[in-house]
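Take the UniProt record's numbering: the last position of the sequence shown gets the number 207, and nothing is skipped along the way.
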Amino acid sequence: MKKRPSQIVLSQYSPLMSVDTPLTDAQGGAVEVPRVYSLCRCGESGAKPMCDGTHAKVGFAGVREDSAKRPLEYYEGKDITIVYDRYLCMGAGFCGELEAVFGTHDAPIYEPDGAPVEEIIATIRKCPSGALTYMIDGVHYKDFFDKPEIVIERNGPVHTRGGVDLIDDQLSDELLPLADHYVLCRCGGSKKKPLCDGSHEENGFEG
Numbered sequence: 001m002k003k004r005p006s007q008i009v010l011s012q013y014s015p016l017m018s019v020d021t022p023l024t025d026a027q028g029g030a031v032e033v034p035r036v037y038s039l040c041r042c043g044e045s046g047a048k049p050m051c052d053g054t055h056a057k058v059g060f061a062g063v064r065e066d067s068a069k070r071p072l073e074y075y076e077g078k079d080i081t082i083v084y085d086r087y088l089c090m091g092a093g094f095c096g097e098l099e100a101v102f103g104t105h106d107a108p109i110y111e112p113d114g115a116p117v118e119e120i121i122a123t124i125r126k127c128p129s130g131a132l133t134y135m136i137d138g139v140h141y142k143d144f145f146d147k148p149e150i151v152i153e154r155n156g157p158v159h160t161r162g163g164v165d166l167i168d169d170q171l172s173d174e175l176l177p178l179a180d181h182y183v184l185c186r187c188g189g190s191k192k193k194p195l196c197d198g199s200h201e202e203n204g205f206e207g
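Shown next, in the form of structure tokens:
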């Protein structure tokens with residue numbers, strides 16, 4: 001029998017329904033889960049990261065307020081082209097570690113000749129949202145993980161890695177994550193639901 005692909009399925013009012021995807025908790029430990037399990041995305045569950053049905057009691061609706069998808073941005077250098085999907089960015093800030101290439105949060109830049117290619121690639125691979133990818137010799141590199149996995153960030157979002165299909169009855173094809181990794185809102189406050197936009201940092205989400 002052919003193995004079903006790993007999936008996350010959701011509707012406007014539902015939790016994140018994960019299918020055939022290993023789960024890692026905020027401490028880095030493997031969590032024993034059934035083939036299908038539900039993760040909270042309203043921010044109110046008493047059993048975080050698992051859903052306990054609170055979304056129905058609080059009237060949660062996963063309405064997307066920001067659907068202004070932007071075209072991909074290409075920053076071409078001598079040996080590498082930085083590809084940036086502004087819509088996917090959730091402001092994790094790892095790119096700021098290579099300031100000569102990416103600048104700072106308040107003054108971003110994209111200078112593909114500002115550091116050795118190896119350092120740029122290493123920094124891009126830290127980007128959890130899939131907003132940053134790269135091209136070399138016309139080949140677009142955007143798949144960085146070998147195995148499907150969901151990782152819970154403490155007081156942060158759901159990190160999805162390894163090519164987990166996202167099936168959302170509201171999410172049109174042009175808004176689907178570009179890479180094999182993306183981050184999903186867990187606090188309930190993102191304007192780009194189900195994608196994370198960094199709102200957990202502002203609203204003091206804990207879990």
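Cβ coordinates follow ideal geometry from the N, Cα and C atoms, glycine included. All figures in this text were calculated on a predicted structure; none of them were measured in a lab.
Inter-residue spacing [alpha-carbon to alpha-carbon] between residue i and residue j
| i | j | result |
| --- | --- | --- |
| residue 2 | residue 21 | Low per-residue confidence applies at residue 2: pLDDT is 44, beneath 50, and the placement is therefore not dependable, though the value from the model is reported in the following sentence. Answer to the nearest angstrom: the Cα atoms are 16 Å apart. |
| residue 36 | residue 8 | 9 Å |
| residue 109 | residue 99 | 8 Å |
| residue 201 | residue 190 | 11 Å |
| residue 128 | residue 68 | 21 Å |
| residue 103 | residue 29 | 34 Å |
| residue 187 | residue 10 | 16 Å |
| residue 114 | residue 89 | 21 Å |
| residue 65 | residue 152 | 24 Å |
| residue 101 | residue 141 | 18 Å |
Close Cβ partners of residue i (< 6 Å) along its chain, the five nearest in sequence each way excluded
| i | result |
| --- | --- |
| residue 160 | 150 and 182 |
| residue 154 | 26 |
| residue 31 | 23 and 25 |
For residue i, the residue or residues it bridges with in DSSP
| i | result |
| --- | --- |
| residue 38 | 17 |
| residue 47 | None, per the DSSP bridge assignment. |
| residue 83 | 74 and 133 |
| residue 161 | 149 |
Reduced DSSP secondary structure (H/G/I, E/B, other) of residue i
| i | result |
| --- | --- |
| residue 140 | strand |
| residue 117 | helix |
| residue 30 | strand |
Buried versus exposed call for residue i [16 or more other C-beta atoms within 10 Å across all chains shown]
| i | result |
| --- | --- |
| residue 105 | exposed |
| residue 72 | exposed |
| residue 193 | buried |
| residue 56 | exposed |
| residue 92 | buried |
| residue 13 | exposed |
| residue 157 | buried |
| residue 179 | buried |
Close Cβ partners of residue i (< 7 Å) along its chain, the five nearest in sequence each way excluded
| i | result |
| --- | --- |
| residue 48 | 40 and 207 |
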